[in-house]
Amino acid sequence: MNISFEVIKASPQAKNKLLALAIIVILLVTVIVVGALLKVKLFNPKVPVSSFVILATLLIVGYLFMIQAMEGVTFPVRKISAFDAIEEGVARSVEMGRPVHVTIGYGTISSSMAPQYVAGLGVLAHVARLAGKYGAKLIATLGVPEAIASVEELVRDGYYSAGRPELYNPTYNVRYFTDQQFAYASAVQATIVRENVGANIVVGPFYAESLIFMEAGNMTGAFQIAGTARETQIPFFVITADYAFIGEEIFAAGALASGDRVVLASIRGQDLGKLITIALVVLGIILLGLGLKLSDWLNWVWTVG
Amino acid sequence: MVVRRVLPQFIVSLVIILMLIFYFFYINDDVAKTFSADDKALSDWAVIISSFALIVGGVDIFRFHLTQLRRGGLKQAPFSVVTLIAELTMVVFGAYGLALSYLNPALGITITTQPQFRWLYTYVYAPSDSAMYSILVFYIASASYRAFRVRNPMALLLLIVAIIVMLGNTSLGALIWPGFLPLRDWIMTIPNTAAFRPITIGAGLGVIILGLRMLVWREVSWMGRRE
Amino acid sequence: MSFLSKVEKVLSARELLYTLLLVAVIAPILSPIGLPIGISSRTRDVYNYIENNLKPGCHVYVEVYYEVAARGELEPALMALTKQFFDKGCKIVYGSLISTGPIVFSLMLAGAPDIFAGKEYGKDYVFLGYISGGESAAASLAKSIKGTVKVDNYGNPLETLPLMKEVDSATDFDLVVIVSSGTDTFNYYVRQWYTPYHTPLLFAALSVIAPSIEPFVGAKQAIGMIVGQRGAAEYELLVGRKGLGIASMDAQSISHLLIIVFIVLGNVVYWGMRVTSRGGGRK
Amino acid sequence: MISWEVLGAWLGAALVVWIYSFVYRDNVFYKFAEHLFVGVAAGYSISLALDSLNRVAIKPLSTNPAVSWHYVIAIILGLLMFMKYSKKYYWLARYGVGVNIAVGTALALRTTPMANIVRQITATILPLWTPDPVTTLNNWLLVLITLGGLTYFLFTIFPKKPEAGKPSLPYYVYRVLYTIGIYGMMVGFGALFANTIMTRVGFLISIYLQYLQPNAWASITAALLAAIAIIAGIVMGRSRK
């Protein structure tokens, strides 16, 4: 196993961050202990305390991993083939003289799908940089009204930072097709086919339209990379796309796309979460054999006070 | 720099932390009541802001098609006219309905019950929407034809499972072998549930870690341009 | 070009598959074939309950709660149940807690002239129309229908209808059928009709929401349920009227068969080409 | 004089047919239907936005300004969205977007620990030895596939491949679980894919009953028009080459 929590010879900045983190942890623990002693109804009685504990643990440990990376600690990362395929897709499209299509979904960003839109934007930023690097024509379609400005700027940034400002043309590069699911889908499928796209990159929260985009891409023989964390649509992407991000891989892809070691380190928090989950399941099964129910503890709500 | 990048990110962290506190903590009945009122206020803010974003988006679509009208040539311009007229008509009748709800409340007409608006919704929006949804029946058929090709052992497993489920779903399967229906039910309840459970857990962890990056200002793509 | 690659070209032309698929779905609806359907014990239990417990002259209340989009799945069940009630000599009061109720009811009437032939409006059946108010309306109806609504869907005062002289509150009905595309409706009737008055309830639901109302049936708060298109098709078979349910099951069977045949042919051609090309083919 | 209802029903049937025609090939009638649909949808979402602004902000502000004054801030943040058209002050739009992203992220952060993690863990804690062999088998499958899938997703923390001749138990367990996970997920994907076919066919039946069958002549005419347009498109495409 290659986990190490040692932060020997921490730099002053890291020390400050660790101190701040320690203060937050001590504060939280104190609040909980004092709350229990004084019999205050500290937590929402409808939410199990375990969910708060899990959230807080993951946030804190994830940040520890990030501090570690700031101090220069490196670690191996498993290849995510769909991520590597993005560059291949962009390069191929340029060779064939066909545009690259990216879409991040539809809907309003102030819903619980926000993290998936953000992951999609991360991938879009990556594609925009690659489009600048290879001189690809990029068409970004979307149905998220709040994100229009961001997408325009990301595409612009991709071309400008690669020294190809002449390729940036907002009316061609960025197309918003309403936040209405199937109006968006009808316009996107038409765009994919009419523009004869060479690579079709679909990452974000998708609903029934997932398969529409995949089949439209197939009509033009596009190289397809797709990903979503919405369970019901994953099968369509995995079965029909050339490369697929399965579930949480889209969040990891966003981290990889940033090219920032510190951001990448945060996904170790995801891994630790999975290990904790595995441990809890195994422990729960063992305890069950002994007649103890871990589930009851996990479902415990704050009944103090 | 501060007002361009730091302040927006600070607001993001602040709102996230506030909303988490509102949800997880209770303290006592009065505080909890304040929490839920403030929480409601923040969600209302989001509704108001996204309403404006929708209007900006509508303006963008209008601008896009105006440009197409000028530069698109005969192949695109007539269609852009269709979009422009349709959008404008819909907004005019919607706004008329809204105005009526203030000017003449006795009529009981609001945006969605304005007759012309309703006509457009019922005879243009609704059929197009349903047609786009049901177009999937064609796509799922051609996708099945292409995708269930036995190239390796995993694909064989995929194919066998798919055919069992298809036969179990129809009355035809039961004619061939009565066991298809129970087998299909078993697949849907046991392996299918198990297969999606790690994905659900992983997606949840991914959301939390992305939230962490938002909180510590390491997720910046939503702000667009790097300055 | 070899024979196999010609076959491959024909098969992978999307147009062929799409056209066959359209025919496979629409043709059975125009003329149902009536492929054999096995009847599940869940559906048979409902049928037997009605056969054994309802006597001629009994009264049934039917909640019509769905939108036009859910017609394909729920209308067949509604029609088959109506036929069984009329055959048993029962009288039916229809009501609707959803605003689309009057539309879907009129579509149902228009689609089943054979069932309503010889039945007189006002004497054998009544349609109350849309009743607004959700759960509180359901509670008020259970107490007194005439106290809740004054006129039926067509504007006739309820006092003038002979059937409405026979029934007024939940206790006057021998069975209540809820045909609904929403989950809440079932909760309303369990809370407002079954819990206080113990009127027997029967559910007809979409297959996607069936799992969430299953507990009511398990707890014997409802006598049973008819689930989705398949349940409706089974029921049509039981009451002996080939309708949309059976037609839809035919369409489902044939379209699934078509897709399976294409998948199998695709694989045969693929492997045929792979074997004949001896390693020279795709990786 | 035909009524608006009849006209609408014909238009609806024609739109359905023209949208379907895209699966054969893109054509002018699909393009017309698509542009009409997008226009109406854009107007529809603007109208809905006006409606929710009216309900959420304007009404409370006009009836009870003492309590709802803070909506003014949200309205200002919303108006700042228009700043995206400015070359100089484009960044002001970020404030509104930021609030919305934060609200969305917080909504997700609140529910996922419970729904995606705790509830899934408690559902996986199952007895592995029961008197009923079928239940035992099911429980084993549920536990192994869940743990296997989790192992599959490990990105950065996993046992290193051992050198030849040095067997490593953690690595062995990791590979076995990984394989179980990927095969288990494939079974789930195949099942869900195949199960969806039924609902899609059911939806086509509903659409046919609702729009096409009552207006058979409109549908057939629309289909003929689309067919002519598709054939004309193919012929023109050939002649250009």
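Chains as they are written, first to last, in numbering that gives the first Met the number 0: chain A, 0 to 304; chain B, 0 to 226; chain C, 0 to 282; chain D, 0 to 240. Using N, Cα and C, we set each Cβ at its ideal position, and we do this for glycine too.
| task | Take B:Ile200 as the anchor and find which of A:Ala81, A:Asp295, A:Ile79 and A:Ala228 has the nearest alpha-carbon. | result | A:Ala228
| query | By DSSP, does A:Phe42 sit in helix, in strand, or in coil? | reply | strand
| task | Please determine if the region 55 to 69 of chain C and the region 173 to 188 of chain C are in contact, where contact requires at least 3 C-beta pairs separated by less than 8 Å. | result | yes
| Is B:Arg117 close to chain C, meaning its C-beta is less than 9 Å from at least one C-beta of that chain? | no
| Residues of the region 174 to 202 of chain A whose Cβ lies closer than 9 Å to any Cβ of chain B, in chain order | Arg174, Tyr175, Phe176, Thr177, Asp178, Gln179, Gln180, Phe181, Ala182, Ala184, Ser185 and Gln188
| said: Please classify B:Met0 as buried or exposed, where buried requires at least 16 other C-beta atoms within 10 Å of its C-beta. | reply: exposed
| request: Please specify which runs of the beta strand (DSSP E), each continuous and at least 3 residues long, are wholly inside the region 165 to 251 of chain C, giving them in chain order. | output: 174 to 179, 200 to 204 and 223 to 226
| field | For A:Phe222, the first and last residue of its enclosing beta strand (DSSP E) | value | Phe222 to Thr227
| Simplified DSSP state of C:Glu66, which is helix, strand or coil | coil
| field | CB of B:Ile163 within 9 Å of CB of D:Ile196, strictly | value | no
| field | For D:Thr129, the three-state DSSP class (helix, strand or coil) | value | coil
| query | Helix, strand or coil for C:Gly279 per DSSP? | reply | In this prediction, C:Gly279 scores a pLDDT of 49, lower than 50, which makes its location untrustworthy; the coordinate-derived value is nonetheless stated afterwards. C:Gly279: coil per DSSP, three-state reduction.
| request: Run down chain B in chain order and give the residues with a C-beta less than 7 Å from the C-beta of C:Arg13. | output: Ser141
| said: For A:His100, tell me which candidate among A:Val48, A:Lys14 and A:Asn217 has the shortest Cα-Cα distance. | reply: A:Asn217
| task | Would you please verify whether the beta carbon of A:Thr302 is less than 9 Å from any beta carbon of chain B? | result | no
| request: Check the Cβ of D:Val55 against every Cβ in chain B and list those closer than 8 Å, keeping chain order. | output: Asp43, Val46, Ile47 and Ser50
| query | Among all the DSSP beta bridges, which residues are the ones paired with A:Arg174? | reply | A:Thr140
| task | Could you check how far apart the C-beta atoms of C:Ala137 and C:Tyr188 are, in whole angstroms? I think they sit under 8 Å. | result | 6 Å
| query | Going by beta carbon distance, what residues of the same chain come within less than 7 Å of D:Ala92, once the five residues before and after it are set aside? | reply | Leu79, Met80, Met82 and Lys83
| field | Buried or exposed (CB count within 10 angstroms, at least 16 for buried), A:Lys292 | value | exposed
| message | Which residue wins for smallest C-alpha separation from A:Glu70, given the options A:Ala278, A:Asn298, A:Ala264 and A:Trp301? | response | A:Ala264
| For A:Val143, which option in B:Gln67, B:Val5 and B:Asp59 has the closest C-alpha, if you only look at C-alpha atoms? | B:Asp59
| task | Would you mind sorting C:Glu158 into buried or exposed? The rule is 16 or more other CB atoms within 10 Å of its CB. | result | exposed
| By Cβ distance below 8 Å, which residues in the same chain neighbour C:Pro156 in space, the five residues on each side in sequence not counted? | Lys149 and Val150
| Beta carbon proximity, D:Asn99 to chain A, threshold 9 Å | yes
| message | Using only the alpha-carbon positions, how far apart do C:Tyr129 and B:Thr121 sit? | response | 20 Å
| field | chain C contacts made by the region 178 to 201 of chain D, where a contact means CB separation under 7 Å | value | Ile196, Met197, Val200 and Gly201
| Beta-carbon spacing of C:Ser4, C:Met272 below 9 Å | yes
| Just by C-beta distance, which residues in the region 245 to 264 of chain C are closer than 7 Å to chain G? | In the displayed structure, chain G is absent; the protein chains listed are A, B, C and D.
| CB contact below 9 Å: C:Tyr17 versus chain D | yes
| Which residues bound the beta strand (DSSP E) around C:Leu127? | Tyr124 to Tyr129
| said: Please tell me whether B:Pro7 and B:Met165 are closer than 9 Å, where the distance is taken between their beta carbons. | reply: no
| query | Listed from N- to C-terminal order along the chain, which residues in the region 223 to 240 of chain C have their beta-carbon within a distance smaller than 7 Å of any beta-carbon of chain D? | reply | Gln228
| query | So with Cβ pairs under 9 Å, would you call D:Ala231 a contact of chain B? | reply | no
| said: Short of 7 Å Cβ to Cβ, which residues in the region 91 to 124 of chain D face chain A? | reply: Ala92, Val96, Asn99, Ile100, Val102, Gly103, Thr104, Leu106, Ala107, Leu108, Thr110, Pro112, Met113, Ile116, Val117, Ile120, Thr121, Thr123 and Ile124
| query | Could you give the residue range of the alpha helix (DSSP H) that holds C:Asn52? | reply | Ser40 to Asn52
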